[in-house]
Amino acid sequence: MLVGIIHQHDFVYKSGQKKRNTCMIKSPQLNKEVFLMDYYTKKLLTLTDKSFIADEHWLEEKTINGIPHHFIKGTWTKPCHTCPHCHAKTLIKHGTYQTKTLLPKFRQIKTVLLLKRTRYRCKTCLKTCSSSCSLVDKHCCISKELKQLIALDLTKNISRKHICQDHFVSDVTVQRVLDKYTKQVKPSFHYLPKVLCIDEFKSVTSHLGKMSFICVDGLTHRIIDVLPSRQLDHLITYFKQFSKKARHSVRYLVMDMNANYGKLIQKVFPNAVIVTDRFHIIQHIHRNLNTLRIKEMNTFKKEEKAYKHLKKYWKLLLKDAFDVNDTDYHYHQSFKTYLTHAQILDRLLDYSPVLKQAYEFVQELRYAYRQRDFESFMEVIHHIDPSLPEWFRKKFDIFKTYQNGIYQAFTTPYSNGITEAINNHIKVIKRIAYGYRRFSYFRLRILIIQHHSQWQKKNVKKVVNG
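At position 65 of the sequence shown the residue is numbered 65 (our numbering), and the sequence of numbers has no breaks.
Have a look at this one:
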């Protein structure tokens with residue numbers, strides 16, 4: 001008779017009861033102590049399958065190559081009745097063998113499962129086999145639970161090398177798990193959103209160029225797809241894979257002032273209208289004014305105060321006139337006096353009459369932009385002061401070319417802000433990984449990291465299990 005003893009609670013019960021919480025069993029017949037793995041320990045190690053039986057001394061600690069290891073020993077007792085090769089029920093036991101399976105780390109220590117499994121031999125086809133194991137895939141030494149943890153880590157913005165070091169696996173293992181995401185992120189060619197935001201970003205260098213293409217749902221902010229090239233021929237070929245109904249459902253195409261993208265309307269999205277991104281409108285205005293400031297600044301010597309003031313307070317020239325503070329006085333060392341921002345702005349404009357005219361022109365554009373007054377905006381463009389430099393005036397002719405898109409930008413709430421935000425996230429992904437050689441892996445990481453909130457654990461299991 002075996003009597004169980006638990007030191008923590010100091011009570012004794014006879015073995016054979018349905019509920020066993022013992023950590024140690026004394027056997028008078030064997031005259032030795034047998035340490036068993038209780039249910040909660042199995043649950044902690046995710047080894048709750050009834051076919052798994054832990055050995056008497058189931059835990060062994062070793063240090064291999066300076067790395068501490070936990071070795072968990074056990075036996076897989078699930079029988080095999082049918083031959084997987086010929087499907088005959090003529091199996092006999094044919095010895096045992098041991099497998100090594102890498103488990104999720106426990107307390108930051110590498111954990112390995114040493115599992116004894118029964119080998120069976122078929123009398124009919126004379127081939128050998130073994131019963132299936134729920135802990136690990138066939139012909140694999142990485143547990144399913146560990147693969148799921150790797151898949152979850154791939155949804156975080158961390159490098160693959162960090163994942164390898166954290167889980168004690170090779171880069172090839174992480175790459176194989178990443179490859180299983182391919183089917184999950186494949187776009188559906190039967191749906192396109194009502195508002196489609198498109199843009200480009202710098203990805204990997206290939207024969208298709210350095211710039212890649214991204215399209216985003218303007219309403220749900222979900223990435224539709226990431227393409228390796230922004231060339232018009234590649235874009236037309238890609239979007240024509242979508243059904244005609246899906247392409248005709250697109251009503252607004254939000255983009256920057258790129259002439260090539262506009263041709264998509266004619267060939268791919270006949271029912272859509274172009275919406276010029278408002279950010280690029282104001283960016284174009286500011287960039288030209290800042291270029292003029294630099295040209296006027298360079299007419300002065302670097303030792304002159306005008307040069308230093310135009311260089312130091314350049315942000316005031318790009319600020320909206322309504323936002324310039326004209327009440328708070330602060331001491332400014334370069335002027336040797338107390339001034340408001342409005343007074344500094346006046347002094348900057350006094351240095352250059354051309355800069356002052358351009359500043360007033362830009363403020364008129366900004367006022368019309370802020371009021372969403374398309375007619376006033378275009379009227380200011382058409383009546384630009386002829387005394388301004390010719391190169392400066394020509395820079396604003398692009399607004400005449402894209403006036404239809406600007407009209408939609410003023411009358412609709414859609415913009416490319418979410419696409420620009422995603423592009424910034426993509427830059428961070430690329431920087432953390434120190435760049436990517438293959439576009440396919442770069443695309444996969446972008447899609448699964450951006451959609452991480454939708455990749456819950458049950459979905460990750462689908463990815464790992466294929």
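Glycine is no exception: its CB is placed at the ideal position from the N, C-alpha and C atoms. None of the values given here were measured: they were computed from a predicted structure.
Nearest candidate by alpha-carbon position, reference residue i, set the options
i      : options                           : result
Lys315 : Gln333, Glu56, Glu304 and Leu348  : Leu348
Lys156 : Val250, Arg437, His425 and Thr205 : His425
Ile214 : Thr205, Tyr238 and Ser206         : Tyr238
Leu44  : Lys78, Arg107, Asp179 and Ser132  : Arg107
Glu379 : Gly417, Phe392, Glu390 and Gln403 : Gln403
Thr77  : Glu61, Asp49, Leu91 and Asn65     : Asp49
Leu318 : Leu339, Tyr359 and Phe442         : Tyr359
Leu227 : Tyr191, Val185 and Ala259         : Val185
Tyr313 : Glu303, Ser334, Asp328 and Tyr329 : Ser334
Lys62  : Val112, Tyr338, Ala342 and Leu135 : Val112
Cβ-heavy atom distance, residue i to the ligand HEM, below 7 Å
i      : result
Asn157 : By its list of ligands, the structure shown contains no ligand whatsoever, and the ligand HEM lies outside what it can speak to.
Residue span of the beta strand (DSSP E) that contains residue i, given as start and end
i      : result
Tyr238 : Not the beta strand (DSSP E): Tyr238 falls in the alpha helix (DSSP H), residues Leu232 to Phe239.
Thr101 : Leu91 to Phe106
Phe201 : Val195 to Ser206
Leu264 : Segment Ala259 to Lys267 is the alpha helix (DSSP H) holding Leu264; no beta strand (DSSP E) there.
His332 : His330 to His332
DSSP bridge partner residues for residue i (one or two, in chain order)
i      : result
Glu56  : DSSP output for Glu56 lists no bridge partner at all.
His70  : Glu61 and Thr111
Cys215 : Ile198 and Asp225
Cys129 : Tyr120
Leu253 : Leu196 and Ile274
Gly209 : Ser206
Close beta carbons around residue i, own chain, < 6 Å, minus the five adjacent residues each side
i      : result
Thr248 : Checking the sequence, you will find His at residue 248 rather than Thr. Here the set comprises Asn271.
Thr75  : Ile53 and Lys116
Pro28  : Annotation note: pLDDT 46 at Pro28 (below 50); position unreliable, coordinate value reported separately. No residues qualify anywhere along the chain.
Gln450 : Ile223
Pro104 : Glu145, Leu146 and Leu149
Expected contact under 8 Å - CB spacing of residue i and residue j to nearest Å
i      : j      : result
Ala409 : Val275 : 6 Å
Asp199 : Asp256 : 7 Å
Asp277 : Val254 : 6 Å
Cys125 : Cys86  : 4 Å
Ile381 : Lys400 : 7 Å
Phe442 : Val177 : Actually they do not touch by this definition, with Cβ atoms about 16 Å apart.
Boundaries of the alpha helix (DSSP H) in which residue i is found, first to last residue
i      : result
Thr419 : Gly417 to Ile432
Thr411 : Gln403 to Thr411
Leu339 : Taken as a continuous stretch (DSSP letters only), Leu339 belongs to no alpha helix (DSSP H), being part of the beta strand (DSSP E) at Thr337 to Leu339.
Lys439 : It should be pointed out that residue 439 corresponds to Phe in this sequence rather than to Lys. It spans Phe439 to Gln450 - the alpha helix (DSSP H) in which Phe439 sits, taken as one unbroken run.
Cβ neighbours of residue i in the same chain (closer than 8 Å, five flanking residues each side left out)
i      : result
Ile282 : Arg366 and Tyr369
Ile432 : Asn157, Ile158 and Ser159
Ser170 : Cys164
Lys110 : Ile67, Pro68, His69, His70, Leu102 and Phe168
Tyr351 : Glu296, Phe300, Ala306, His309 and Leu310
Sequence-distant residues of its chain with Cβ nearer than 7 Å to residue i (five each side left out)
i      : result
Asn31  : Caution is warranted here: a pLDDT of 49 is assigned to Asn31, below 50, making its placement in the model unreliable, and the coordinate value is therefore given only provisionally. Closer than 7 Å at the Cβ level, and outside the excluded window around Asn31, lies no residue.
Cys141 : Lys100, Thr101 and Leu102
Tyr307 : Met297, Phe300 and Lys301
Cys80  : Leu91, Tyr120, Cys129, Ser130 and Ser131
Ile265 : Leu253, Ala272 and Ile274
Asn260 : Leu232
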